[in-house]
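First the structure, in the form of structure tokens, and then the observations on it.
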Amino acid sequence: MIKDNYMTIKSRVTQAAINSKREPSSVHLIAVSKTKPVSMLMEAYDAGARDFGENKVQEILDKYDRMPKDIKWHMIGHLQTNKVKFIIDKVASIHSVDSLKLAVTISKAAVEKNIVMPVFIEVNVSNEDSKFGIKAEELNEFFNQIRQLPGLEVKGLMTVPPYVENPEDNRQYFVTLKQLAVDISKKNIDNKYDMDLSMGMSGDFEVAISEGATYVRVGTGIFGEREYII
Ligand SMILES: *Cc1c(COP(=O)(O)O)cnc(C)c1O
Numbered sequence: 008m009i010k011d012n013y014m015t016i017k018s019r020v021t022q023a024a025i026n027s028k029r030e031p032s033s034v035h036l037i038a039v040s041k042t043k044p045v046s047m048l049m050e051a052y053d054a055g056a057r058d059f060g061e062n063k064v065q066e067i068l069d070k071y072d073r074m075p076k077d078i079k080w081h082m083i084g085h086l087q088t089n090k091v092k093f094i095i096d097k098v099a100s101i102h103s104v105d106s107l108k109l110a111v112t113i114s115k116a117a118v119e120k121n122i123v124m125p126v127f128i129e130v131n132v133s134n135e136d137s138k139f140g141i142k143a144e145e146l147n148e149f150f151n152q153i154r155q156l157p158g159l160e161v162k163g164l165m166t167v168p169p170y171v172e173n174p175e176d177n178r179q180y181f182v183t184l185k186q187l188a189v190d191i192s193k194k195n196i197d198n199k200y201d202m203d204l205s206m207g208m209s210g211d212f213e214v215a216i217s218e219g220a221t222y223v224r225v226g227t228g229i230f231g232e233r234e235y236i237i
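The opening position of the sequence shown corresponds to residue 8 in our numbering, with each subsequent residue numbered one higher.
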């Protein structure tokens, strides 16, 4: 039952926050619904889910039309610049900004719509060749390049660590992302940048919360395993 799954994950999120002496409301649970049908999303919605994560533009558009309008859609997957215009006025945030070209495209599209798009910079902290994201060494320069863009608000940092059996193996990456965010904040005291951290998935969100995650992205734990038809 998706409703039960959602409630269970939600209370685990709350408990993880409390265990780390953090305010439970400071951790947002994003229900990652990619590949899943609207009927299943509605079960999560009925259990209280209002933040949904998707990684394909077409899927967001389909589901956006068919789901209640008080949902916040989060783009969490690699985004091609030529598709930005389709979702710019439909998503609440973009968690996967991984190039200057993409940031500039989002900026222009947002200005055109007269909105400010909250974005996360995706950082490849585990340094895997297969992963999207800015390298940790290049983050400061990248941040400084995009922070002034109009129509775009750098809300924080995001990372997708490797899949591991033992969630403790990913703690190092959460610590690194947190440290990178602290470093950026320190360098921008005048703006008192308070960086959000989008990190933690089904297998490791409790560890991520203990290291400061403010957005966790949970798919399998709520909707079950995904089947990919390729
Ligand atoms: C699919 C996905 C998730 C959710 O992963 P689960 O292990 O199913 O919880 C989180 N973040 C991103 C970027 C994803 O693509």
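Note that the Cβ used here is the ideal one computed from N, Cα and C, for glycine as well.
task: Have a look at M47 and E232 and give me their C-alpha separation to the nearest angstrom.
output: A straight-line Cα-Cα distance of about 13 Å links M47 and E232.
task: Report the rounded CA-to-CA distance for K63 versus A56, giving the unit in angstroms.
output: Near 20 Å, if we compare the C-alpha coordinates of A56 and K63.
message: Do A38 and V225 count as a contact pair if the criterion is CB distance below 8 Å?
response: Cβ distance < 8 Å, so V225 and A38 count as in contact.
message: Applying the 10 Å Cβ sphere with the 16-neighbour rule, what's the burial state of E172?
response: It counts as exposed.
task: Pull up the DSSP beta-bridge partners for M165, would you.
output: Under DSSP, the beta-bridge partners assigned to M165 are E129 and S205.
Three-state class that DSSP yields for L36 in the structure shown: In this structure, DSSP gives L36 an extended state, which the three-state scheme calls strand.
Spatial neighbours of G228 in its chain, beta-carbon cut-off 6 Å, leaving aside the 5 residues before and after: Only I16 and S209 meet the Cβ criterion.
- request: Evaluate S309 with the Cβ neighbour count: other Cβ atoms within 10 Å of its Cβ, from every protein chain shown; 16 or more gives buried, anything less gives exposed.
  value: Within the shown structure, residues of the chain are numbered from 8 to 237, placing residue 309 beyond reach of any answer.
query: Cβ of N62 versus every heavy atom of ligand 1: is any distance shorter than 7 Å?
result: Yes, the Cβ of N62 comes within 7 Å of a heavy atom of ligand 1.
- request: Can you check the segment 29–83 for any alpha helix (DSSP H) of at least 4 residues that lies completely inside it and give the ranges in chain order?
  value: The segment 29–83 is shown to contain whole alpha helix (DSSP H) runs of 4 or more residues at 45–53 and 64–73, in chain order.
Proximal residues to H213 (C-beta, below 6 Å), its chain only, five neighbours per side dropped: Checking the sequence shown, residue 213 turns out to be Glu, not His. Contacts found: A23.
task: List the DSSP bridge partners of E160.
output: According to the DSSP secondary-structure assignment, E160 is paired through a beta bridge with P125.
- prompt: Got a sec? Which residues, its chain only, sit under 7 Å from W80 by beta carbon, not counting five neighbours each side?
  reply: Cβ neighbours of W80 beyond the five flanking positions: F59, E61, I67, Y71, K97, V98 and A99.
message: According to DSSP, is S27 part of a helix, a strand, or is it coil?
response: DSSP places S27 in coil when its eight states are reduced to three.
- prompt: CB P169 to CB S133, shorter than 8 Å?
  reply: For P169 and S133, yes; Cβs fall inside 8 Å.
task: Could you tell me if E30 is buried or exposed, where buried requires 16 or more neighbouring beta carbons within 10 angstroms of its beta carbon?
output: E30 should be labelled exposed.
message: Let me make sure I understand the geometry here. Which of K28, K193, M82 and D11 has the alpha-carbon closest to that of A54?
response: Distance from the Cα of A54 is smallest, within the candidate group K28, K193, M82 and D11, for D11.
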